[in-house]
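*Asks:* Residue numbers (our numbering), protein chains in the order written: chain A, 1 to 283; chain B, 1001 to 1111.
Right, dumping it as structure tokens:
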């Protein structure tokens, strides 16, 4: 199935949540060159839960500021508009799907943990490899499997068959999905990113993170999410439903230009940051 | 001398070579005896390994393993090899396996 067909299918689904009002307001505001920090801070303050999560994030070990950042305005000054927008999204995506039925085989709780694990690992990799946009890589990692959730919400029983087949046979999720649905979660995820008008980079990270055998990655952000996904699975941080761990595409590792000895530090850091991030995002 | 991962460095070990950052700047000179503060700084600087006198990875690994019961190691190995793809020929997957195993053993020891 080609991308246009998938986009048509996804746009016809009726349970896809709309992005929070605050996110679209923020998007509009940030397009204007005259936007002030106070205006951005006012919009975020409209939602106290999101505001509190953003502040917690700014004060988390990711940023490691020597002093506590106490106000939203200060957080915006330090982090910049784009990072704040990313954080607002990351902190609200969980709530958007809350309470939706996903069938009895698909474990939503473990799934979110897997997403957080992947986001953290991808970001740690992005920082270690000196990518310019670790924040966006974090969002890409957080959303890399969003297609699974979208399909499971709309076809809970049919998606349970996918999960059960994977558990029984050990075949990769994407293959079982293609067999049962004729499309896979990567395609659905990138179609959703188009519908939500996400930056093209995010759509690419979602759509290409699997890097099937022989695929040659050309973008470091995709390579980071690809490897981050495998690292968090190896470490057992949540579960996206796979029975078998996939191989790291050696070209992706090469592209990031990291030494093999840096991996231990990266995995260690991932485990540490994972705990803190789970706490904030699931709040 | 031998290159150790940053996590395995202990206070009192002597550097067998200069520790450099990724730009090639010397951060700590050869011959220094490591202090707790050095190790903390190395981690903060994102330095992954250091060359120290009188230790190597293999020997350290063997010593660590001695303190864990073979049943625990066996159970962890079984769990991991059921989940991991065959490791032959993949340096990176072998390293992920090694670190995961180490972290799991550490978790068991701490709990």
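Note that CB positions come from ideal geometry on N, CA and C, so glycine has one too.
Note that the structure is predicted; figures quoted are calculated from it, not measured.
Step through the CB atoms of chain C and report whether any lies within less than 7 Å of the CB of residue 267/A.
*Replies:* Of the protein chains in the structure, A and B, none is chain C.
*Asks:* Report the neighbours of residue 1093/B on chain A: residues whose CB is nearer than 8 Å to its CB, in chain order.
*Replies:* Here the neighbours are 247 and 248.
*Asks:* Measuring CA to CA, which of 21/A, 16/A, 242/A and 41/A is closest to residue 168/A?
*Replies:* If we check each option's Cα against that of residue 168/A, 242/A comes out closest.
*Asks:* Do residue 1100/B and residue 203/A come within 7 Å of each other at the CB atom, strictly closer than that value?
*Replies:* Not closer than 7 Å, so no.
*Asks:* Considering only residues of the same chain and omitting the five flanking positions on each side of residue 252/A, which have a CB-CB separation below 7 Å?
*Replies:* Cβ neighbours of residue 252/A beyond the five flanking positions: 211, 217, 223, 226 and 227.
*Asks:* Strictly under 7 Å for the Cβ-Cβ distance: is residue 234/A near chain B by that measure?
*Replies:* For residue 234/A, the answer is yes, since a Cβ of chain B falls inside 7 Å of its Cβ.
*Asks:* Which word fits residue 248/A, buried or exposed, when buried means at least 16 other C-beta atoms lie within 10 angstroms of its C-beta?
*Replies:* By the 10 Å Cβ count, residue 248/A comes out buried.
*Asks:* Shortest alpha-carbon distance to residue 90/A belongs to which of 56/A, 101/A, 68/A and 172/A?
*Replies:* Ranking 56/A, 101/A, 68/A and 172/A by Cα distance to residue 90/A puts 56/A first.
*Asks:* If you reduce the DSSP assignment to three classes, tell me which class residue 218/A lands in.
*Replies:* Reduced to three states, the DSSP call for residue 218/A is coil.
*Asks:* Mind checking residue 1030/B: buried by the 16 CB within 10 Å criterion, or exposed?
*Replies:* When all chains shown are included, residue 1030/B counts as exposed.
*Asks:* On the DSSP letters alone, give me the boundaries of the alpha helix (DSSP H) that residue 1049/B sits inside.
*Replies:* No alpha helix (DSSP H) contains residue 1049/B, which is instead part of the beta strand (DSSP E) from 1049-1052.
*Asks:* Name, please, each residue of chain B whose Cβ falls closer than 7 Å to the Cβ of residue 244/A.
*Replies:* Within 7 Å Cβ-Cβ: 1083 and 1085.
*Asks:* Using 8 Å for Cβ pairs, my map puts residue 1002/B next to residue 1057/B. What's the rounded Cβ distance?
*Replies:* So it is a contact: roughly 6 Å between Cβ atoms.
*Asks:* For my contact list, residue 138/A and residue 152/A are in at a C-beta cut-off of 8 Å; report their separation, rounded to the angstrom.
*Replies:* 23 Å between Cβ atoms; not a contact.
*Asks:* Hey, does residue 239/A have any beta-carbon neighbour from chain B nearer than 7 Å?
*Replies:* Not one chain B Cβ lies under 7 Å of residue 239/A.
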